[in-house]
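Peer 1: Structure incoming, see below.
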Amino acid sequence: MENRSAIDAELQRLEKLIPELKAQGDEAAALDRFAEASAPLTRNAPPEHEAYITRRLQCMLVQAGLVAGAPEGEPCEGGEDAAPPEAPRG
Numbered sequence: 008m009e010n011r012s013a014i015d016a017e018l019q020r021l022e023k024l025i026p027e028l029k030a031q032g033d034e035a036a037a038l039d040r041f042a043e044a045s046a047p048l049t050r051n052a053p054p055e056h057e058a059y060i061t062r063r064l065q066c067m068l069v070q071a072g073l074v075a076g077a078p079e080g081e082p083c084e085g086g087e088d089a090a091p092p093e094a095p096r097g
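In structure tokens, the structure reads:
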């Protein structure tokens, strides 16, 4: 996935998948299944989007209660509202 709209679409798909994964069993198994589902995105992430993808995935997991704590950095925003800061214009 090279472009931002494709990345955001995949992130939205993954976020919608979490409740289904949680309903299938315990949280550890849901976390494992989520890692499997998100692997293609994280494995093929363009370098300029890696931090954004990692942060969004971490936010999803924290908000779903699958991992403890709060993500580092800026507060999490869900779904389409989760845009990273704009790149400096030059």
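Throughout the sequence shown, residue numbering follows this note's numbering, covering 8 to 97 in sequence.
The beta carbon of each residue, even a glycine, is placed where N, CA and C say it ideally should be.
The structure displayed is predicted, hence computed values, not measured ones.
Among L48, R40, L24 and I25, which one has its Cα closest to the Cα of A13?
Peer 2: Along the sequence shown, one-based indexing puts residue 13 at 6. Closest by alpha carbon: L48.
Peer 1: Could you name each continuous alpha helix (DSSP H) segment of 4 residues or more that falls completely within the segment 9-77, going from the start of the chain to the end?
Peer 2: Those alpha helix (DSSP H) runs which fall completely within the segment 9-77 and span 4+ residues are 11-30, 34-50 and 57-70.
Peer 1: Where A71 and E9 are concerned, what is the direct C-alpha to C-alpha distance, given to the nearest angstrom?
Peer 2: Within the sequence shown, residue 71 is the residue found at index 64, counting from 1. Within the sequence shown, residue 9 is the residue found at index 2, counting from 1. Each residue's alpha carbon lies about 27 Å from the other.
Peer 1: Is the beta carbon of L73 less than 8 Å from the beta carbon of S45?
Peer 2: Here residue 73 refers to the residue found at position 66 of the sequence shown. Here residue 45 refers to the residue found at position 38 of the sequence shown. In this structure, S45 does not lie closer than 8 Å to L73 by Cβ.
Peer 1: Can you say whether D15 is buried or exposed, counting buried as having 16 or more other CB atoms within 10 angstroms of its CB?
Peer 2: Position 8 of the sequence shown, counted from the first residue, corresponds to residue 15. Buried: at least 16 other Cβ atoms inside 10 Å.
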